[in-house]
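Everything below concerns the one structure shown next.
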Amino acid sequence: MNKIEKLEAQSIFIIREAYKSFKNIGMLWSIGKDSTVLLWLAKKAFFGHVPFDLIHIDTHYKIPEMIAYRDQLARDLRIRLVVGENRKALANKQTFQDGNLDRIACCKALKSEALNHTLDGSWPRRIYEPKQGAWTDVPRDEPYNAVIVGVRSDEEGSRSKERVFSARDERSEWDASAQPPELWNLYKTEFAPKTHVRVHPLLEWTELNIWEYIEKEKITVIPSYFDQGDGMRYRSLGCWPCTSPVASTARNTADIIEELISGKFRNIAERSGRAQDKDGGGTLEALRKEGYM
Amino acid sequence: MASLETAIDLDETDTQTERMNIVITGHVDHGKSTLVGRLLADTHSLPQGKLDGVKASCEKNGRVFEYSMLLDALEDEQKQGITIDSARVFFKSLARPGREYVIIDAPGHIEFLRNMLSGASRAVAAVLVIDALEGVAENSRRHGLLLSLLGISQVLVVINKLDLINYDESIYRKIRNEYGQYLDSLKVKPVAFIPVSSREGKNITEIAPEMAWYKGKTVLEVLDGFKSPKSEDGAFFAMPLQDVYRFSDAGDERRIYAGTLVSGEARVGDRVRFLPSNKEAHIKSIEAWSAPAKTVVRAGESTGFTLEEDIYVTSGEVLVEADENAPVAASTRIRANIIWLGVNPLTFGKSYLLKLGNAKVQAKLEKIERVLGENNGEDGYYGLNRNECGSVILGFARPIALSSFYDNASLGRFVLVDGFDAAGGGIVLEALSEADIHPELPTGFEEDLFLLLKKYFPHRFPEYGKKPNQDYTI
Ligand SMILES: Nc1nc2c(ncn2[C@@H]2O[C@H](COP(=O)(O)OP(=O)(O)OP(=O)(O)O)[C@@H](O)[C@H]2O)c(=O)[nH]1
Ligand SMILES: [Mg+2]
Chain A
324 MNKIEKLEAQ SIFIIREAYK SFKNIGMLWS IGKDSTVLLW LAKKAFFGHV
374 PFDLIHIDTH YKIPEMIAYR DQLARDLRIR LVVGENRKAL ANKQTFQDGN
424 LDRIACCKAL KSEALNHTLD GSWPRRIYEP KQGAWTDVPR DEPYNAVIVG
474 VRSDEEGSRS KERVFSARDE RSEWDASAQP PELWNLYKTE FAPKTHVRVH
524 PLLEWTELNI WEYIEKEKIT VIPSYFDQGD GMRYRSLGCW PCTSPVASTA
574 RNTADIIEEL ISGKFRNIAE RSGRAQDKDG GGTLEALRKE GYM
Chain B
44 MASLETAIDL DETDTQTERM NIVITGHVDH GKSTLVGRLL ADTHSLPQGK
94 LDGVKASCEK NGRVFEYSML LDALEDEQKQ GITIDSARVF FKSLARPGRE
144 YVIIDAPGHI EFLRNMLSGA SRAVAAVLVI DALEGVAENS RRHGLLLSLL
194 GISQVLVVIN KLDLINYDES IYRKIRNEYG QYLDSLKVKP VAFIPVSSRE
244 GKNITEIAPE MAWYKGKTVL EVLDGFKSPK SEDGAFFAMP LQDVYRFSDA
294 GDERRIYAGT LVSGEARVGD RVRFLPSNKE AHIKSIEAWS APAKTVVRAG
344 ESTGFTLEED IYVTSGEVLV EADENAPVAA STRIRANIIW LGVNPLTFGK
394 SYLLKLGNAK VQAKLEKIER VLGENNGEDG YYGLNRNECG SVILGFARPI
444 ALSSFYDNAS LGRFVLVDGF DAAGGGIVLE ALSEADIHPE LPTGFEEDLF
494 LLLKKYFPHR FPEYGKKPNQ DYTI
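Protein sequence lines correspond, in order, to chains A and B. First residue of the first sequence: 324, per the working numbering; consecutive thereafter. First residue of the second sequence: 44, per the working numbering; consecutive thereafter.
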């Protein structure tokens, strides 16, 4: 087995372990390349089925192609899609783009808070039911006890120290300095009631590995990752006010791999196009402690 | 002959795209993170601007720049200049294209031993760092012991901070001899010893003129020489059953027995046996989604079978080939080496959850044969305290299928969970046969007796009454 086959097998093992261990589990799906690989791995793990909900946190500042792609995919794959959002902040214009919050506070409101309240079921969820092919609004719902998330160690410092099964306390907080031991692949899946667990099957994958896998499996990703003719593409997809495309003429997966191995992005960090990471050291860790992915 | 050559060719392709996890261990402050930071910087593996960014932020905050800051990313770590949790960092070998390293920078402080172990359990090779000025310290020894217990046989010993001793060969030799003898006592054969200065970047990626007396390789060269463990394809077939699926939506009628092969291979048509239930069935198909149809699966693959015979088995059993005499057996009692990390000590009379492969079983400590390494207790061995290692006998509430660690690493290691606390890990030295099993005392009686003894002879149970979250540093 080569390294990509091994990574695939380990991630499938983790996803199966997560599915077996939690009654209410979902998979966080941000539409990006990592989420797309995660969904692909889930279909591999369960032989074509996706036996849990996909959860998407809609900040309403995603590039429009992303939302169109998301809804199309849910229809095509017959997936139960749960969408959460911070309706209050959006209605009151408490966002960065409206000039009322700084970038970090905006991330916190539109992503972390929306995520925490969508997961615990205390805020309304919009749900796409594949059987009816229709959307419904659910004001209050059952909490999820665990959610599968596609973060990777190479993205940023605090993620390099994550556990595969990572507990959040009742207030959704992560205590990075007091994580339990996690030996081999014998993951601890026993947690005190009310604990919420983040499961991270992609921790050992790098950005390059993700693209190598997309190439090997011929996975379709959203076209925004490729140059559409204007010499620009997205390397990491976030909200448009805080994510800029990079200059690149990569038109397909093979071009991207080339760029990462020996080309122009060999030594440039993936999230360099994300403005919220730059507001001082440790900021992302602070956000993550409160529930950010 | 031709087929043999093809097989060898295949292995070559594999090593061209290999992934190797290496853990960096050693006593607190001996320079592990500095070594890794330096290695990343000197191999140009850092993203552009990262080094300058960290330097600028140090200047702004009036801190002295340290290479370790490239690794110690948590706020608490940077404030205190200490590694708390193991970090994973990635870099590519320059000399061996296609090889990727995951360097796991472990913490050295005893308080974070659980994090060191979490990192080390993922590694196939280790670097052990010793400060030349301070010499061999308590956790240099403890980490060496733990590496041997985890079965990590490729160990590079780096003697660091040679700049502080004027690159003096005789001090290096003295430490090398002392630690070499210690590793010898653990039956660990180090791959090499290297004198370095991590801070000054000496002998890391280039041989330093200051140590003309040193004739060996650089740290980078030794890493490039580490070997990936040999594939388990050729060994006996074993697959812990992770789950059984029957997704009935969209008319899917398959019942799929899913798991990850830990060794050997299985083919359509093979007769397999489930342990411990001893039920047998034939593999009807190998299932996969979005992959070419397969008739064989090998060690490491996550797969699923349908069976000719509809049998009822549950997750945790182990599939082996029915005709093969695989060294996997259903056992209720094992001799094991364990590392205890629990908040509360490991004691007799208490039930723990043991996890091995995909099996879970209630387990009890029956005997402590000896404490390995430094022991933290006072008189007698009435349990194991946090961060102690021991050779023990454990008994299970019902049989589970397992191997000795030396026959099959994946079926020969386990973790222990105490309530919701991941409390320890260990490796199976041997499964004890039925003949070793003494008539069980009624467990209620055993527990009552223990509680009485504890009450009337508290001095015989020195650790039992202490506060649970106490620091057991020696
Ligand atoms: N003079 C000198 N100092 C060094 C050298 N290597 C590391 N140091 C210093 O030793 C101190 C500890 O270094 P770290 O790299 O943080 O040590 P560590 O082993 O990672 O420590 P923990 O992870 O907390 O166990 C820092 O102040 C380093 O600058 C060296 O080669 N020479
Ligand atoms: Mg360190």
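Ideal Cβ positions, reconstructed from N, Cα and C, are used throughout, including at glycine.
Of all the CB atoms in chain A, is at least one closer than 8 Å to the CB of B/THR303?
It does: the Cβ of B/THR303 has a partner Cβ on chain A nearer than 8 Å.
Where A/ASN325 and A/ILE533 are concerned, what is the direct C-alpha to C-alpha distance, given to the nearest angstrom?
Near 14 Å, if we compare the C-alpha coordinates of A/ILE533 and A/ASN325.
Return the residue from the list B/SER271, B/VAL239, B/VAL339 and B/GLY467 that minimises the CA-CA distance to B/MET254.
Here the closest residue by C-alpha is B/VAL239.
What do you reckon, are the CB atoms on B/PRO233 and B/LEU199 nearer than 8 Å?
In this structure, B/LEU199 lies closer than 8 Å to B/PRO233 by Cβ.
From the DSSP output, in three-state form, read off A/GLY603 for me.
In this prediction, A/GLY603 has a pLDDT of 47, which is less than 50 and means its spatial position is unreliable; what the coordinates show is noted afterwards. Reduced to three states, the DSSP call for A/GLY603 is coil.
Are any of the Cβ atoms in chain B nearer than 8 Å to that of A/LEU506?
For A/LEU506, the answer is yes, since a Cβ of chain B falls inside 8 Å of its Cβ.
Give the straight-line distance between the Cα atoms of B/VAL305 and B/ALA342, rounded to the nearest whole angstrom.
Roughly 5 Å separates the two Cα atoms.
Could you tell me whether any Cβ in chain A is nearer than 8 Å to the Cβ of B/PHE448?
No - not a single Cβ of chain A is within 8 Å of the one on B/PHE448.
Please report whether the beta-carbon of A/ARG374 lies at a distance below 8 Å from any beta-carbon of chain B.
Looking at the sequence shown, residue 374 of chain A is not Arg but Pro. Output row for A/PRO374: interface = yes.
Under the assumption that B/TYR395 contacts B/ASP313 (Cβ atoms under 8 Å), give the Cβ distance between them as a whole number of angstroms.
About 36 Å; that fails the 8 Å criterion.
So with Cβ pairs under 8 Å, would you call A/GLY480 a contact of chain B?
A/GLY480 counts as touching chain B.
According to DSSP, which residues form a beta bridge with B/GLU143?
BP columns for B/GLU143 point to B/ARG62 and B/LYS135.
So, B/VAL315 versus B/GLU364, is the Cβ gap smaller than 8 Å?
Contact flag set, yes.
Since B/ARG310 sits in a beta bridge, which residues does DSSP pair it with?
Paired residues: B/VAL339.
Ignoring anything shorter than 3 residues or poking outside the stretch 357-438 of chain B, list the beta strand (DSSP E) runs there in chain order.
Counting whole runs of 3 or more residues, the stretch 357-438 of chain B contains the beta strand (DSSP E) stretches 361-364, 372-383, 394-399 and 402-415.
In chain A, which residues lie less than 7 Å from B/TRP332 when you measure between Cβ atoms?
Near B/TRP332 (Cβ distances below 7 Å), the residues of chain A are LYS366, LYS367, PHE370 and GLY371.
Applying the 10 Å Cβ sphere with the 16-neighbour rule, what's the burial state of A/GLU505?
With 16 or more Cβ atoms within 10 Å of its Cβ, A/GLU505 is classed as buried.
May I ask you to report which of helix, strand or coil DSSP gives B/GLY80?
In this structure, B/GLY80 counts as helix in the three-state DSSP scheme.
Kindly indicate the opening and closing residues of the beta strand (DSSP E) around A/ARG521.
That run of the beta strand (DSSP E) goes 519-522.
Tell me which residue opens and which closes the beta strand (DSSP E) that B/SER345 is part of.
Segment 345-350, the beta strand (DSSP E) holding B/SER345.
In the DSSP output, what is B/GLN197 paired with across the bridge?
In the DSSP output, where bridge partners are listed per residue, B/GLN197 has B/ALA168.
Judging by CA-CA distance, which residue of B/THR390, B/VAL386, B/PRO319 and B/ILE237 is the nearest neighbour of B/ALA402?
Residue B/PRO319 is the option with its Cα nearest to B/ALA402.
Using a Cβ cut-off of 8 Å, which residues of the stretch 578-598 of chain A contact any Cβ in chain B, in chain order?
Cβ contacts with chain B: ASN590, ILE591, ALA592 and SER595.
Can you give me the C-alpha to C-alpha distance between A/ALA609 and B/LEU445, rounded to a whole angstrom?
Roughly 43 Å separates the two Cα atoms.
Are the stretch 332-349 of chain A and the stretch 507-522 of chain A touching, with three or more C-beta to C-beta distances below 8 Å?
The answer is yes - the stretch 507-522 of chain A touches the stretch 332-349 of chain A, with three or more Cβ pairs under 8 Å.
Taking beta-carbon pairs under 9 Å, can you tell me which members of the stretch 279-298 of chain B lie near chain A?
Within the stretch 279-298 of chain B, the qualifying residues are GLN285, ASP286, TYR288, PHE290, ASP292, ALA293, ASP295 and ARG297.
Are the Cβ atoms of A/ARG556 and A/ALA573 separated by less than 8 Å?
Contact flag set, yes.
Cα-Cα, which of A/GLN502, A/ARG475, A/LYS539 and A/ASP553 is closest to B/GLY385?
The shortest C-alpha separation from B/GLY385 is found at A/GLN502.
Going along the chain, which unbroken runs of the beta strand (DSSP E) with 3 or more residues stay wholly within the stretch 383-413 of chain A?
As far as the stretch 383-413 of chain A is concerned, its whole beta strand (DSSP E) runs of at least 3 residues are 404-407.
Using a Cβ-Cβ cutoff of less than 7 Å, which residues in the same chain neighbour B/GLU351 once the five nearest sequence positions on both sides are dropped?
The residues are ALA324, HIS325 and LYS327.
What are the boundary residues of the beta strand (DSSP E) that A/TRP363 is part of?
Taken as a continuous stretch (DSSP letters only), A/TRP363 belongs to no beta strand (DSSP E), being part of the alpha helix (DSSP H) at 356-368.
In angstroms, rounded to a whole number, what distance separates the CA positions of B/THR338 and B/HIS73?
Taking the straight line from one Cα to the other gives about 52 Å.
Tell me where the alpha helix (DSSP H) around A/THR576 begins and ends.
576-584 is the extent of the alpha helix (DSSP H) around A/THR576.
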